[in-house]
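In full-length UniProt numbering, the protein residues as written are 1 to 179.
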């Protein structure tokens with residue numbers, strides 16, 4: 001019985017956002033604000049290709065953490081895990097989010113990936129299957145339809161990645177909007 005419990009606990013730790021190992025801090029040049037960008041694809045009748053207000057604020061706040069190291073259960077500038085980054089950024093914008101990515105996946109409304117906008121959330125099953133184990137914030141939607149997102153990577157800390165990358169494309173589950 002004790003062995004079963006230990007195996008279950010170890011499995012849960014293994015499929016979380018990652019390990020608590022220290023990572024090299026990467027330096028990022030802050031991208032041009034998405035609110036100023038006019039090169040985004042028009043995805044639907046309500047999306048003009050630019051964002052303002054709360055969406056722009058969420059993106060700008062998330063960009064401020066680029067290069068911050070990964071830290072298991074972290075939710076401060078000293079280090080973030082994926083859901084901790086989401087909590088911090090949305091908290092800075094007066095929106096309380098659940099702490100766990102699984103619970104964040106129940107917040108807001110479902111959005112088709114072809115209609116995501118900056119500030120929406122993307123959810124992933126990085127350990128395979130269909131259980132949420134990672135979350136990121138949509139950063140940009142390119143003319144080509146490519147979706148980029150800000151998240152806390154276990155190896156590189158807070159970075160911008162693309163759904164076009166094979167790893168993320170395969171792990172992608174769904175998108176939700178809380179804005």
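Cβ coordinates follow ideal geometry from the N, Cα and C atoms, glycine included.
Please read these numbers as outputs of a predicted model, since none were measured by experiment.
query	result
Burial state of residue 167 (16 or more Cβ within 10 Å)	exposed
As assigned by DSSP and simplified to three states, the class of residue 84	helix
Beta-carbon proximity of residue 132 to residue 150, cut-off 8 Å	no
CB of residue 125 within 8 Å of CB of residue 171, strictly	yes
Residue 23 to residue 81 span [Cα, whole Å]	Residue placement at residue 23 cannot be trusted, given a pLDDT of 35 that sits under 50; what the coordinates show is reported in the next sentence. Rounded to whole angstroms, residue 23 to residue 81 spans 12 Å at the Cα level.
Residues of its chain near residue 174, where Cβ-Cβ distance is below 7 Å and the 5 sequence neighbours each way are ignored	110 and 123
Supposed contact pair residue 158 and residue 68 - C-beta distance, whole angstroms, cut 8 Å	4 Å
Beta strand (DSSP E) segment containing residue 150, residue limits	147-153
Endpoints, beta strand (DSSP E) assigned at residue 161	157-162
Chain-order list of residues whose beta-carbon lies under 6 Å from that of residue 71 (same chain, five-residue window excluded)	79
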